[in-house]
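Q: Protein chains in written order, with the numbering used here: chain A, 1 to 211; chain B, 1001 to 1211.
All residues carry an ideal CB built from backbone N, CA and C; glycine is no exception.
Note that the coordinates shown come from a computational prediction; the quantities given were computed from them, not determined experimentally.
Take a look at this one; I'll ask things after.
There are 2 protein chains.
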Amino acid sequence: MKTLPGKTVERLSQYRRALASTLAANRNYVFSHELAAMLHITAVQVRRDLMLIGYGSVMRKGYDVRELISTIGSIIDAPSGLNVAIIGMGNLGRAITGYFRGKRTNMNVVAAFDVDPQKVDKVVAGVRCYNISQMRKLREELDIMVAVLAVPADQAISTASLLVSNGIKGIMNFTTVPLNVPDAIYLEEFDMITSIEKVAYFVKENQQPEG
Amino acid sequence: MKTLPGKTVERLSQYRRALASTLAANRNYVFSHELAAMLHITAVQVRRDLMLIGYGSVMRKGYDVRELISTIGSIIDAPSGLNVAIIGMGNLGRAITGYFRGKRTNMNVVAAFDVDPQKVDKVVAGVRCYNISQMRKLREELDIMVAVLAVPADQAISTASLLVSNGIKGIMNFTTVPLNVPDAIYLEEFDMITSIEKVAYFVKENQQPEG
DNA sequence: AAAACATTGTTAATTTATTAACAAACAATA
DNA sequence: TATTGTTTGTTAATAAATTAACAATGTTTT
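And the structure:
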C-alpha cells in the first residue's frame, strides 16, 4: 500500500480509539456520520480516509467495529509492535509515560532515560529510568525504534544527535528547539508555547471581529 | 488586517523566538535564508509569511531583528497581554507551567486549577493552584481568556463545559478526548498518543520501503 | 413490489499550503 | 561607471487536504 497522508494517519489513530469506546458501549456497527461526530469532523472525511485504506463495509448498515479496528491496526501498526523510549523524565516525560498506561496501543514504552542520578533506576508507570550513558547498549538490546524527546531546551540538540548516532529511527520532539536530523529519520515536532500562542491569536482575532 | 492562516501564525511565533536568540548572539540583521535555516524550512516560506504580515525590510541587507520582533508582536499578541490558566496540575500541567517560566511571551499564566486538595494552594513555577470550584470567580477577577486543559481523560468533557460556561474564550486541549465547544470558542487540540503513533507509522513505512 | 429513504464509495471541485520563478533593488567589484 | 552578485517581494505553479456531488446499493415503508 502507498504511504498514507500524515493527516489521515492521525485520524486513523483517533478512529481506532473512538471505535474502542464504541465497542465498550456494546455497539457493533457504526455509520460514517457517527464516527465523524465523535471526532467532530465530517462524514465525508471519514469515508475518504477509509477509502484510502481500502476498507469496504460489508453491509450497508455501517462499518463492523471490530473489523475496522483490526483493519486500522493492520495499516498503521508495525506487525510485531514497536518499542519507544522516553528521553528526559521531568514532568513532561512522566506525563507522557503515564498517558500510555492502560492505553491499548501497539507501542510499548520500554525504557526512559535521564541524566539525573535522582531519577535513574526509579520506575514510573511501569517504566524504568536508565542513565542516558546506557543509551547505546539499551537501544540495541531493547530494540528501541522511536524516542520521545522531553529534555530541557538547552540539551535538545546534543541529546538528539546522541539518539541519531545510536540508531533511533524516529523522534517526537517536545522541546521548543527545532531539530535537524538526517532524512532517513522521521521527525515530528510539537511546540507547546507556539500552539498556545496560536490559541491566543485566534481568541484575539475573534474578539475584535473585522478589527 | 485579515486573519492569518494558522500555519503562518505558528511560524511567526517560532520566528520570534529564533530572532530573540539571534539578538542574544549580537546579530542585528538576518536574511530570510538564515531565519529559514534556524527553523529548518525554506527561505521562500519565510518571505511569504513576512509578506502576509506586510513587513517590508528597510534595507536590502536583511531584516532588522528588533523591528521584526516587534512587528510580529504587534500582529500576534493581544495589545495588553493575555491571561492563561492551566487546568489540571498533574505532571503535564506542571510541565506546561514550567515551559512558560523565563520564556518571553505576551501571555501570563495567572492561575492553575485542580480538584485535588493536595495540590490546591501550592505554587509551581510561580503559579498558584486554586480549587476548581473557584473558577467562576477567578476567571472574571483575573480576566483569564485561555485555558490549557490537562486533566485526566474522564474529566475532559465536564471540565471543558465548565470552562465554556464560565466565559473562557479559547481552549488548548491536551487530553485524548475530542471536545465539542460552541463556535465562538477557539479550540486547538493536541493528542500525544496520536502524534507518537504517527511517528511510529512513518518509521515503519521507511523501514519497509515499497513494501 | 414500487417508492422513498439512507448510506456508501468515488470522482470532481474547491480550498489551503508550499514551492518555484523572476523582476526589481540595491551593494560590491571590476 | 558598467558588471556581477545578493536578496527581496510577489505572482504563478504545484501539491496537499478538504468538501461537494452523485451514482450505486441496499433498506424500509407504503
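Please confirm whether residue 973 (chain B) and residue 78 (chain A) have their CB atoms less than 7 Å apart.
A: Nothing can be reported for residue 973 (chain B), as the shown portion of chain B is limited to 1001 through 1211.
Q: Mapping DSSP to helix, strand and coil, what is residue 187 (chain A)?
A: The answer is strand: DSSP assigns residue 187 (chain A) an E or B state.
Q: Could you tell me how far apart the beta carbons of residue 72 (chain A) and residue 15 (chain A) are, in whole angstroms, since I believe they sit closer than 8 Å?
A: Right, their Cβ atoms sit about 6 Å apart.
Q: Evaluate residue 1145 (chain B) with the Cβ neighbour count: other Cβ atoms within 10 Å of its Cβ, from every protein chain shown; 16 or more gives buried, anything less gives exposed.
A: Residue 1145 (chain B) is buried by the Cβ-count criterion.
Q: When the cut-off is 7 Å and only beta carbons count, does residue 1071 (chain B) lie next to chain A?
A: No, because no Cβ of chain A sits closer than 7 Å to the Cβ of residue 1071 (chain B).
Q: Counting C-beta neighbours from all protein chains within 10 Å, is the total for residue 1140 (chain B) 16 or more, i.e. buried, or is it exposed?
A: Residue 1140 (chain B) is exposed by the Cβ-count criterion.
Q: Expressed to the nearest angstrom, what Euclidean distance is found between the alpha-carbon atoms of residue 134 (chain A) and residue 13 (chain A)?
A: Cα-Cα distance, rounded: 32 Å.
Q: Does the beta-carbon of residue 1126 (chain B) have 16 or more other beta-carbons within 10 angstroms, so that it is buried, or is it exposed?
A: Looking at its Cβ environment, which holds fewer than 16 other Cβ atoms inside 10 Å, residue 1126 (chain B) is exposed.
Q: Does residue 1051 (chain B) get closer than 7 Å to chain A when you measure Cβ to Cβ?
A: No, residue 1051 (chain B) does not count as interfacial toward chain A.
Q: Tell me which residues share the same chain as residue 191 (chain A) and place their Cβ nearer than 6 Å to its Cβ, disregarding the 5 neighbours each side in the sequence.
A: Hits under 6 Å: 176.
Q: Would you tell me roughly how many angstroms separate the C-alpha atoms of residue 1152 (chain B) and residue 1103 (chain B), rounded to the nearest one?
A: If you take the alpha carbons of residue 1152 (chain B) and residue 1103 (chain B), they lie about 27 Å apart.
Q: Strictly below 8 Å CB to CB, what residues from chain A border residue 1014 (chain B)?
A: Those are 178, 191, 194, listed as they occur along chain A.
Q: Determine, for residue 1113 (chain B), whether the minimum Cβ-Cβ distance to residues of chain A falls below 7 Å.
A: With 7 Å as the cut-off, residue 1113 (chain B) does not count as an interface residue toward chain A.
Q: Throw me the rounded Cβ distance for the residue 1147 (chain B) and residue 1168 (chain B) pair, which I believe falls under 8 Å.
A: Indeed they touch by this definition, with Cβ atoms about 5 Å apart.
Q: State yes or no: is the C-beta of residue 92 (chain A) within less than 7 Å of the C-beta of residue 1095 (chain B)?
A: Yes, these two residues count as a Cβ contact at 7 Å.
Q: Can you pull the chain A residues whose beta carbon is under 8 Å from the beta carbon of residue 1039 (chain B), in chain order?
A: Simply 178.
Q: Using a Cβ-Cβ cutoff of less than 6 Å, which residues in the same chain neighbour residue 1107 (chain B) once the five nearest sequence positions on both sides are dropped?
A: Closer than 6 Å at Cβ, skipping near neighbours: 1082, 1084.
Q: Alpha carbon to alpha carbon, what distance is there between residue 201 (chain A) and residue 211 (chain A)?
A: With a pLDDT of 36 at residue 211 (chain A), under the threshold of 50, the modelled position of this residue cannot be trusted, and the question is left open.
Q: Which residue from B:1206, B:1207, B:1196 puts its Cα closest to that of residue 97 (chain A)?
A: Of B:1206, B:1207, B:1196, the residue nearest in Cα terms is B:1196.
Q: With a CB to CB cut of under 7 Å and the five nearest residues on each side skipped, what residues in its chain are close to residue 1166 (chain B)?
A: Once the five neighbours on either side are set aside, the close Cβ partners of residue 1166 (chain B) are 1135, 1136, 1139.
Q: Given that residue 1089 (chain B) touches chain A, what residues does it touch there, using C-beta distances under 9 Å?
A: Neighbours of residue 1089 (chain B) on chain A: none; closest Cβ ~10 Å, over 9 Å.
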